[in-house]
């Protein structure tokens, strides 16, 4: 069996189609199609049902993929072991990150990575929508608070404290019994019905909200709150400077909420050195998961 053709077939199966596999591997779509056809001819079976809108493996194709995917990963493991620890990471590394995190210094981390590993072609894109590393062809995806049901593997490298803030012109409810809804700026997809429980000066309070804006990125939420559109729940590290300067007022810490940023990758794939090296750089930047790592990434102005 041609191992190169088998690897191409598994790439197509892993990434959910020829186009996605082409973007992920850098191999032309026509080449992948030809190699899979050659593999089918050599085995005398159909592996992929052509004509379907989404990739669909035949029973033979599913069986071949299941039985050989781990084997190919093991071959990669053996290859890296033979190269030895002196071998530096190489190849293309595709990463997707949230817009806010990308704007807060990820470019500087990328520059350090490129200097340390010149044989890696690093590509980073910013996106707030859910990204499946297999389907979209990414080696690593950075996401805040991934769903517990996700099948992706990964590591949490950053933890922050969500707090509720508003402009100084906004009137804060005077008592815990005041359940009048407060105008709020929410991220798209955030639930509106449940009140926010906040803690301030040793007391807790239920804060009822009324969505006046729904925005797709935390950066837009930040700008809207600074302009007085409403209150919002945001990472402390993002708004603490605004609170200290009086541009925003802290209403309280969000009770029962957490903010964790994870580096995620497909669970069944071998974690390559280039991916491990990037995750290690993230954990070294944010020691013990502390957002203080943003300080060294921020540029002084003036």
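Residue numbers (the working numbering): 2 to 303. Note that beta-carbon positions come from the ideal geometry of N, C-alpha and C, so glycine has one too.
On a CA-only basis, which of the options is nearest residue i? Give me that one, please.
i           : options            : result
residue 137 : 9, 7, 17           : 17
residue 6   : 40, 26, 156, 22    : 40
residue 218 : 186, 212, 192, 287 : 186
residue 70  : 206, 221, 131, 8   : 8
residue 206 : 256, 262, 63       : 256
residue 60  : 46, 73, 99         : 46
residue 149 : 282, 20, 259, 281  : 259
residue 254 : 158, 129, 204      : 204
residue 198 : 281, 234, 175      : 234
residue 111 : 162, 236, 286, 4   : 286
residue 15  : 264, 239, 104, 73  : 73
residue 281 : 68, 113, 132       : 113
At which residues does the alpha helix (DSSP H) containing residue i begin and terminate?
i           : result
residue 186 : Not the alpha helix (DSSP H): residue 186 falls in the beta strand (DSSP E), residues 183-188.
residue 114 : 108-117
residue 220 : 219-227
residue 240 : 237-246
residue 284 : 274-286
Can you list, in chain order, the residues of its chain with a C-beta nearer than 8 angstroms to that of residue i? Leave out the 5 residues immediately preceding and following it.
i           : result
residue 275 : 90, 91, 92, 94, 118, 121, 140
residue 230 : 184, 186, 213, 214
residue 227 : 168, 243, 248, 249
residue 115 : 121, 123
residue 288 : 294
residue 268 : 152, 153, 154
residue 266 : 134, 140, 141, 142, 153, 154, 155, 272, 276
Using three-state DSSP, classify residue i as helix, strand or coil.
i           : result
residue 16  : helix
residue 2   : coil
residue 126 : strand
residue 146 : coil
residue 89  : coil
residue 151 : coil
residue 202 : coil
residue 261 : strand
residue 301 : With a pLDDT of only 41 at residue 301, under the threshold of 50, the placement of this residue in the model should not be trusted, and no figure is reported.
residue 230 : coil
residue 58  : strand
Here's a check: name, in chain order, each residue in its chain whose Cβ is nearer than 6 angstroms to the Cβ of residue i, leaving out the five neighbours to either side.
i           : result
residue 298 : 106, 109
residue 209 : 180, 182, 196
residue 12  : 22, 26
residue 56  : 17, 18
residue 236 : 161, 260
Would you say the beta carbon of residue i comes nearer than 6 angstroms to a heavy atom of the ligand MN?
i          : result
residue 56 : As for the ligand MN, it is missing from this structure, which has no ligand bound.
Give every residue of the same chain whose Cβ lies closer than 7 angstroms to the Cβ of residue i, excluding the five residues on either side of it in the sequence, and list them in chain order.
i           : result
residue 23  : 29, 30, 33
residue 102 : 143, 262
residue 126 : 97
The beta strand (DSSP E) with residue i in it runs from where to where?
i           : result
residue 33  : From DSSP, residue 33 is part of no beta strand (DSSP E) but of the alpha helix (DSSP H) over 30-44.
residue 1   : This structure leaves residue 1 out entirely; the chain is present only between 2 and 303.
residue 167 : 163-167
residue 210 : 210-216
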